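Colleague:
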Amino acid sequence: MMQILITGTSSGIGYGLAKTFLERGDQVFGVSRREPKDLKEMVNYQHLNLDLTDTKSVEEKLPVFLTNNDYFELVVLNSGVLGEIKLMKEVSQKEMKEVMEINVWANKVLLDLIFAMDIKVKQVVGISSGAALRSTPGWGSYSLS
Numbered sequence: 091m092m093q094i095l096i097t098g099t100s101s102g103i104g105y106g107l108a109k110t111f112l113e114r115g116d117q118v119f120g121v122s123r124r125e126p127k128d129l130k131e132m133v134n135y136q137h138l139n140l141d142l143t144d145t146k147s148v149e150e151k152l153p154v155f156l157t158n159n160d161y162f163e164l165v166v167l168n169s170g171v172l173g174e175i176k177l178m179k180e181v182s183q184k185e186m187k188e189v190m191e192i193n194v195w196a197n198k199v200l201l202d203l204i205f206a207m208d209i210k211v212k213q214v215v216g217i218s219s220g221a222a223l224r225s226t227p228g229w230g231s232y233s234l235s
């Protein structure tokens with residue numbers, strides 16, 4: 091049985107990965123803003139409701155959530171946001187920073203905490219989008235992140 095940490099487990103790829111690993115019998119630690127009710131009912135799933143853009147909250151809650159762990163076979167950094175869909179000339183720096191905060195910097199904060207706790211990690215997978223490779227009007231902030 092593998093121990094796996096996945097961010098963004100409330101929907102999409104993170105949810106799908108968590109469900110697949112759980113069905114295989116693995117232990118999954120999920121982190122997302124919303125709690126996936128059906129996963130929460132599974133024996134091998136533990137969930138932390140957490141907004142990864144709130145660094146202070148991450149620094150307080152994540153170590154408590156991971157207290158009894160010393161090893162993860164896999165850490166999947168999947169959380170991300172699209173931001174408002176609008177042309178780059180209409181996007182403020184504040185709006186772009188909000189997208190970057192979750193799509194880039196939240197991952198660094200999370201990894202730094204894991205390593206500071208001396209938790210060994212065999213593999214880290216960062217989920218990204220193909221948005222940077224195909225031009226989609228209004229997705230500038232997301233594509234840059």
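Residue numbering for the sequence shown follows the working numbering, starting at 91 and increasing by one per position. Even for Gly, the Cβ is constructed at its ideal location relative to N, Cα and C. Values in this document were obtained by computation on a predicted structure and should not be read as measured data.
1. Residue range of the beta strand (DSSP E) that residue 94 falls in?
2. For residue 189 and residue 165, which I take to be in contact (beta-carbon distance under 8 Å), what is that distance rounded to the nearest angstrom?
3. Taking the Cβ atom as the reference point for each residue, do residue 167 and residue 216 lie within a distance shorter than 7 Å?
4. Touching or not, the segment 176 to 188 and the segment 128 to 136, by the rule of three or more beta carbon pairs under 8 Å?
5. From residue 210 to residue 118, what does the alpha carbon distance come to, in whole angstroms?
6. Pick from 140, 182, 91: whose alpha carbon is nearest that of residue 110?
7. Tell me whether residue 122 sits in a helix, a strand or coil according to DSSP, three-state version.
8. Would you report the Cα separation of residue 207 and residue 169, rounded to the nearest angstrom?
9. Quick check: the Cα distance between residue 146 and residue 154, rounded to an integer number of angstroms?
10. Is it true that the CB of residue 196 sits closer than 7 Å to the CB of residue 142?
11. Within the continuous beta strand (DSSP E) that includes residue 139, where are the two ends?
12. Let me check understanding here. Comparing Cα to Cα, which of 122, 191, 162, 225 lies closest to residue 83?
13. Identify whether residue 228 lies in helix, strand or coil by the three-state DSSP scheme.
Modeller: For this structure:
1. On the sequence shown, position 4 is the one that residue 94 refers to. First-last of the beta strand (DSSP E) with residue 94: 93 to 97.
2. Start at 1 with the first residue of the sequence shown, and residue 189 comes out as number 99. Start at 1 with the first residue of the sequence shown, and residue 165 comes out as number 75. Going by Cβ atoms, the distance from residue 189 to residue 165 rounds to 22 Å, so no, they are not a contact pair.
3. To locate residue 167, count along the sequence shown from 1; it is residue 77. To locate residue 216, count along the sequence shown from 1; it is residue 126. Remark: C-beta atoms of residue 167 and residue 216 approach each other more closely than 7 Å.
4. A contact is defined here as three or more CB-CB pairs under 8 Å, and the segment 176 to 188 fails this definition with respect to the segment 128 to 136.
5. As a first step, residue 210 must be located in the sequence shown, where it is residue number 120. As a first step, residue 118 must be located in the sequence shown, where it is residue number 28. When rounded, the distance between both Cα atoms is 16 Å.
6. Within the sequence shown, residue 110 is the residue found at index 20, counting from 1. Of the candidates 140, 182, 91, the one whose C-alpha sits nearest the C-alpha of residue 110 is 91.
7. Taking the first residue of the sequence shown as position 1, residue 122 is located at position 32. In the structure shown, residue 122 sits in a strand (DSSP, three-state: E or B).
8. If you number the sequence shown from 1, residue 207 lands on position 117. If you number the sequence shown from 1, residue 169 lands on position 79. Those two C-alpha atoms are separated by around 21 Å.
9. Within the sequence shown, residue 146 is the residue found at index 56, counting from 1. Within the sequence shown, residue 154 is the residue found at index 64, counting from 1. Residue 146 and residue 154 have their C-alpha atoms some 13 Å from each other.
10. Position 52 of the sequence shown holds residue 142. Position 106 of the sequence shown holds residue 196. For residue 142 and residue 196, yes; Cβs fall inside 7 Å.
11. One-based indexing of the sequence shown puts residue 139 at position 49. Residue 139 -> beta strand (DSSP E) spans 135 to 139.
12. Nothing in the structure corresponds to residue 83, since the chain is present only between 91 and 235.
13. Against the sequence shown, residue 228 aligns to sequence position 138. The answer is coil: DSSP assigns residue 228 none of H, G, I, E or B.
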